[in-house]
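Structure, as structure tokens:
In UniProt numbering, the protein residues as written are 1 to 405.
Encoded structure:
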């Protein structure tokens with residue numbers, strides 16, 4: 001009886017892991033709390049399942065796993081020389097603790113069916129997001145207290161996710177064999193593109209969208225076709241820029257704010273970011289080797305008030321690289337680069353998911369120049385979940401190893 005019960009528990013737990021991971025990807029664009037609950041349950045299920053747990057040891061030898069652990073360890077150690085208070089230190093450590101989930105999630109995504117179902121769950125969630133956004137934008141759903149450009153999350157992460165979903169839809173359309181499926185994926189890409197370009201107010205979304213489309217063209221086309229495709233995408237966006245006032249306004253505002261900054265009018269979206277970067281640079285110069293310590297950026301921004309018009313509270317300088325350099329110095333910055341380089345190398349060794357991995361990596365690396373994407377929960381977990389989904393391709397369940405002996 002006990003043996004039967006034990007087998008039943010293990011079997012149920014083993015089956016629960018794919019369901020929980022797929023559910024987490026579905027909730028990712030729509031609910032921070034739901035994503036956190038799904039993530040926690042997924043991690044617990046993976047740790048309690050012997051089948052998944054047995055695969056973890058082999059991942060600790062991977063360079064990306066070592067890099068993730070090193071960066072988190074630096075965040076812990078840097079607490080000892082930080083002037084920040086305990087709550088500020090704990091807040092930052094908690095942000096970097098998500099790195100510990102990466103090897104667990106990679107193991108969880110070892111099955112191709114889990115990866116495929118997870119991708120479609122994410123696409124369905126983005127479809128719901130865009131459908132609500134479009135309906136609200138055109139005067140429907142007035143009873144719902146939502147903004148069309150950020151239905152569930154802020155416009156920055158929404159823009160990133162919608163751009164990535166557009167890329168995924170077009171990639172799947174290219175790979176799909178049936179005509180009906182291809183049409184469905186292309187229609188999804190059209191809906192996502194409409195929301196991204198004509199409703200979402202985030203300028204980051206435009207940049208990520210164009211970058212994603214450029215990456216897709218380079219991945220699927222020959223060099224001559226890619227050049228023609230990139231020129232076509234650029235021409236289409238240029239036409240939209242001149243024809244649609246919303247796009248024109250968003251693009252022009254960047255140049256206007258840069259001009260204001262050069263004329264010493266620094267209190268704009270772009271101007272604030274540049275001031276934050278300057279302050280982080282100043283902190284880095286104070287302690288370039290080991291940095292000022294965990295949570296020190298928040299502490300010094302609160303005590304020195306370097307940007308009076310902003311106020312005393314700022315968690316990060318809107319740049320992941322300057323944040324790590326200011327708090328962890330050259331040592332931490334090297335660990336961050338080690339992580340990203342290791343992920344690039346691991347992604348290059350993939351087969352089916354290589355294209356998706358690079359479509360996530362490249363925009364994320366560039367996006368960290370204007371926002372601390374790894375630091376924040378929404379964008380950080382978004383990145384880690386999809387990198388884990390891709391890297392899961394390299395994990396072979398134990399029974400497969402036995403069958404090949």
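C-beta atoms are modelled at their ideal positions from N, C-alpha and C, and glycine is treated no differently.
Following the continuous alpha helix (DSSP H) through residue 285, name the residue where it begins and the one where it ends.
-> Unbroken alpha helix (DSSP H) run through residue 285: 269 to 286.
Comparing the CB of residue 311 with every heavy atom of the ligand SAM, is any distance shorter than 8 Å?
-> This structure lacks the ligand SAM, and indeed carries no ligand of any kind.
Close Cβ partners of residue 14 (< 6 Å) along its chain, the five nearest in sequence each way excluded | Here the set comprises 49, 51.
Taking all protein chains shown into account, decide if residue 8 is buried (16 or more other Cβ within 10 angstroms of its Cβ) or exposed.
-> Confidence at residue 8 is low in this model, with a pLDDT of 48, below 50, so the placement of that residue should be treated as unreliable; the coordinate-derived value is given next. Counting other Cβ atoms within 10 Å of its Cβ, residue 8 stays below 16 and is therefore classed as exposed.
In the DSSP assignment, find the alpha helix (DSSP H) that holds residue 123 and state where it starts and stops.
-> Taken as a continuous stretch (DSSP letters only), the alpha helix (DSSP H) holding residue 123 covers 112 to 137.
Please go through the segment 140 to 187 and give each complete alpha helix (DSSP H) segment of 4 or more residues, from N-terminal end onward.
-> Counting whole runs of 4 or more residues, the segment 140 to 187 contains the alpha helix (DSSP H) stretches 155 to 175.
Under the three-state reduction of DSSP, which class applies to residue 349: helix, strand or coil?
-> Per DSSP, reduced to three states, the secondary structure at residue 349 is coil, with no helix or strand assignment.
Within the same chain, show all residues whose beta-carbon is closer than 6 Å to that of residue 367, passing over the 5 residues directly before and after it, in chain order.
-> Non-local C-beta neighbours of residue 367 in its own chain, meaning closer than 6 Å and more than five positions away in sequence, comprise 373, ordered along the chain.
Contacting residues, own chain, Cβ-Cβ under 8 Å from residue 112 (five flanking each side not counted) = Within the same chain, residue 112 has close Cβ partners 352, 393.
Considering residue 364, what are the terminal residues of the alpha helix (DSSP H) in which it resides?
-> Taken as a continuous stretch (DSSP letters only), the alpha helix (DSSP H) holding residue 364 covers 354 to 367.
Beta-carbon proximity of residue 407 to residue 29, cut-off 9 Å | Lying before the first or after the last residue shown, residue 407 is absent from the chain, which here runs from 1 to 405.
Can you tell me whether DSSP reads residue 18 as helix, strand or coil?
-> Here residue 18 carries a helix assignment [DSSP, helix/strand/coil].
What do you get for residue 138, buried or exposed, if any count of 16 or more other CB atoms within 10 angstroms of its CB means buried?
-> Exposed, by the Cβ-count rule.
Compute the beta-carbon to beta-carbon distance between residue 421 and residue 76, rounded to the nearest angstrom, for a pair I have assumed lies under 8 Å.
-> Residue coverage of the chain in this structure runs from 1 to 405, which leaves residue 421 outside it and unanswerable.
For residue 151 and residue 169, believed in contact at Cβ under 8 Å, the rounded distance | The beta carbons of residue 169 and residue 151 sit about 18 Å from each other, so the pair does not count as a contact at 8 Å.
For residue 121 versus residue 100, is the C-beta distance shorter than 9 Å?
-> No; because the gap between Cβ atoms is not below 9 Å, this pair is not in contact.
Residue range of the unbroken alpha helix (DSSP H) whose run includes residue 377 = First-last of the alpha helix (DSSP H) with residue 377: 377 to 391.
Close Cβ partners of residue 42 (< 7 Å) along its chain, the five nearest in sequence each way excluded | Excluding sequence neighbours, residue 42 sits near 17, 20, 21, 24, 108.
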